[in-house]
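S.K.: In my numbering, the protein residues as written are 5 to 110.
Think of the CB as a built atom: it goes at the ideal place given N, C-alpha and C, for glycine as much as any other residue.
Remember, it's a predicted structure, so these values are computed and weren't measured experimentally.
1. When you compare only the Cα positions, how much space is there between residue 79 and residue 91?
2. So, for residue 42: in the same chain, excluding its five sequence neighbours on each side, which residues have a beta-carbon less than 7 Å away from its beta-carbon?
3. Look at the alpha carbon of residue 14 and the alpha carbon of residue 37, and state the distance between them as a whole number of angstroms.
4. Quick check: the Cα distance between residue 93 and residue 70, rounded to an integer number of angstroms?
5. Can you tell me which of the three DSSP states residue 77 falls into?
6. Assuming residue 103 contacts residue 83 under a Cβ cut-off of 8 Å, what Cβ separation, rounded to an integer in Å, is found between them?
7. Is the Cβ-Cβ distance between residue 105 and residue 9 less than 8 Å?
8. My guess is that residue 1 and residue 60 are in contact by the Cβ rule of under 8 Å, so how many angstroms apart are they, rounded?
9. In the DSSP output, which residue or residues are listed as bridge partners for residue 100?
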């Protein structure tokens with residue numbers, strides 16, 4: 005089964021997710037919405053935001069690369085199937101990561 009995860013801020017953290025799938029998807033959302041160097045005990049966690057003011061096609065490519073690297077490092081239970089972007093007219097990009105959970109029998 006393929007799951008979509010949007011890079012949007014979360015409304016709190018669920019410390020007792022209902023399932024392993026819910027836990028994994030919450031972890032992914034945390035990874036792709038956290039800026040590197042913002043977590044005191046793990047400064048390398050998250051996504052580097054250096055591409056913020058680059059031209060959109062360059063920013064997308066760098067952001068995809070950052071996400072792939074971070075997800076492989078911090079959530080190895082998933083396989084990334086695609087990364088796309090939802091854009092608004094005012095230039096705001098929201099990444100959408102599609103993943104397949106490894107060993108998911110569905």
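M.R.: Looking at the atomic coordinates:
1. To locate residue 79, count along the chain shown from 1; it is residue 75. To locate residue 91, count along the chain shown from 1; it is residue 87. Whole-angstrom Cα-Cα distance: 26 Å.
2. Walking along the chain shown from the start, residue 42 turns up at place 38. Contacts found: 50.
3. Here residue 14 refers to the residue found at position 10 of the chain shown. Here residue 37 refers to the residue found at position 33 of the chain shown. Taking C-alpha positions only, residue 14 is separated from residue 37 by approximately 9 Å.
4. Mapped onto the chain shown, residue 93 falls at position 89. Mapped onto the chain shown, residue 70 falls at position 66. Taking the straight line from one Cα to the other gives about 24 Å.
5. The sequence position of residue 77 within the chain shown is 73, counting from 1. Helix.
6. Taking the first residue of the chain shown as position 1, residue 103 is located at position 99. Taking the first residue of the chain shown as position 1, residue 83 is located at position 79. Sure, about 6 Å apart at Cβ, within 8 Å.
7. For the purposes of this step, residue 105 is identified with residue 101 of the chain shown, where counting begins at 1. For the purposes of this step, residue 9 is identified with residue 5 of the chain shown, where counting begins at 1. Not a contact, by the Cβ cut-off of 8 Å.
8. In the structure displayed, the chain extends from 5 to 110; residue 1 sits before or after that span and is not available.
9. Looking up residue 100 in the chain shown gives position 96. Residue 100 is bridged to 10, 88.
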